[in-house]
Amino acid sequence: MTLSSSKLLGLLKRSLKPKRTYHAQWMITRRCNYRCRGCNVWADQEPSELSTEEIKKGLDILRDLGVLEIVFSGGNPLLREDIGEILEYSSRYFITTVYDNGSMAVERIDDLRNVDFVAISIDTLDEEKNDYLKGVKGAWRRAMDAIFKLKKEGIRVGVSPTISQLNIHEIVDFTKYFIEREIPVWYCLYWYDYPFKDGMFSIGKKVDEYTITDRKALADLCSTLKAMKRESDYIYITDKTLDAVKNLALTGERTWKCKALQNFLVVDHKGRVAGCHSREPVASIFDLPDLWDSPRFDELRRKYSECTKCAYLCYIFYSVHTGLSGIIEILRDRWKSANTILREATPPTSR
Ligand code: SF4
Ligand code: SF4
């Protein structure tokens, strides 16, 4: 764990910066060793990617723009040989999370010791079903082994299920299983995103077995998770996000405006930046300092704020919590979890 006092101070200073962005998801490779049924990335792999030094330079730019939090995903980011160096550098400045499908974390365990969170994607406690969803035999067993091995090694590991019609009725039991073992759970929500022309990449197919048809079940799940949060520090989703999703499920209405290219942005393996993964790249990360305050970017922000094409949980989360008041809301909501993290990050004092 790397929540040092200098890092905390840097995060605090940046959170006060005007017109900053909060969150960046960086898909640092398109390579992947799994074949998940709801994902189109593996079918369109591409070997070209930025060098270690280019990624570090990009991280400096994001830090200077005020970004507080980086999520590394892919593809599978742990397939990069330099992942340890990238995570170590990122963790100096950002709250840093890296995703793994469960296949690489044990092999790469020494590269993960500096990162704030490792998110293992696993969708169900049903081994056979999980392997079906991941398209690879043995995926569930490897993911479970990785989760408990990392926890035993003192690495802050959590699980990240994607909620879809195929597991929506299992999510409460899934959550109970992990929180009882003090393993945090944070959620993704399956959504076909009607990709825009020239979007970075797309997820899913228009109507497939993942599509949530049981909207009432989704609303009920939001209510249940909200109630469970009262008893557990290990459910990492805010009440405000759950309320927004519940309202969307029941009424089809959005209580938020999308904050793509304001509160969050995505970067791909070539360093191209977009408001979200469905939208077209609008800049190279190396040009961001010149473009961030430009009329062109303001126009894109206006366009994205009217968009209602997707309902990915992370994009909702970063849209409903905005500005400094949003950070305070998150801290108030997740105060007990933040305390748990700080406690675990602080080495015991000798008496
Ligand atoms: S969802 Fe992730 S692990 Fe699965 S194929 Fe896509 S990139 Fe790979
Ligand atoms: S709602 Fe926002 S995050 Fe979703 S596709 Fe539109 S611009 Fe992207």
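For the sequence shown, position 217 matches number 219 in the numbering used here, and the numbering has no gaps at all.
Where a beta carbon is used, it is the ideal one built from N, C-alpha and C, also for glycine.
Exercise. For the stretch 301-308 against the stretch 65-73, are there 3 or more C-beta pairs whose distance is under 8 Å?
Worked result: no
Problem set entry | alpha helix (DSSP H) segment containing residue 301, residue limits | 297-307
Problem set entry | Candidates 174, 231 and 84, of which the one nearest residue 30 by Cα | 84
Problem set entry | Ranges of the alpha helix (DSSP H) found wholly within the stretch 40-115, counting only runs of at least 4 | 54-67 and 85-95
Problem set entry | residue 230, DSSP secondary structure in three states | helix
Exercise. When burial is assigned at 16 or more other CB atoms within 10 Å of the CB, is residue 10 buried or exposed?
Worked result: Of the residues assessed, residue 10 falls on the exposed side of the cut-off, its CB having fewer than 16 other CB atoms within 10 angstroms.
Exercise. With burial defined as no fewer than 16 other Cβ atoms inside 10 Å of the residue's Cβ, what is the status of residue 262: buried or exposed?
Worked result: buried
Exercise. Looking at residue 37 and ligand 1, is the gap between the Cβ and the nearest heavy atom below 7 Å?
Worked result: yes
Exercise. What is the DSSP secondary structure of residue 267, counted as helix, strand or coil?
Worked result: strand
Exercise. For the candidate residues 157, 13, 315 and 153, whose alpha-carbon lies nearest to that of residue 258?
Worked result: 315
Exercise. How is residue 251 classed by DSSP in three states: helix, strand or coil?
Worked result: helix
Exercise. Are the beta-carbon atoms belonging to residue 245 and residue 170 less than 8 Å from one another?
Worked result: Going by C-beta atoms, residue 245 is not nearer than 8 Å to residue 170.
Exercise. Thinking just about the alpha-carbon of each residue, which of 202, 72 and 224 is nearest to the one in residue 286?
Worked result: 202
Exercise. Using the beta-carbon count (16 or more within 10 Å), is residue 99 buried or exposed?
Worked result: Around the CB of residue 99, 16 or more other CB atoms lie within 10 Å, so the residue is classed as buried.
Problem set entry | Cβ neighbour criterion (16 or more within 10 Å) applied to residue 229 | exposed
For this session: Would you please state the rounded distance, in angstroms, between the beta carbons of residue 242 and residue 225? I believe it to be under 8 Å.
Result: About 14 Å; that fails the 8 Å criterion.
Problem set entry | Residues passing the C-beta test against ligand 2 heavy atoms, cut-off 7 Å | 195, 260, 262, 277, 278, 280, 281, 306, 309, 310, 311, 312, 314 and 317
Problem set entry | Contact check, residue 273 vs residue 137, beta carbons under 8 Å | Cβ atoms of residue 273 and residue 137: not closer than 8 Å.
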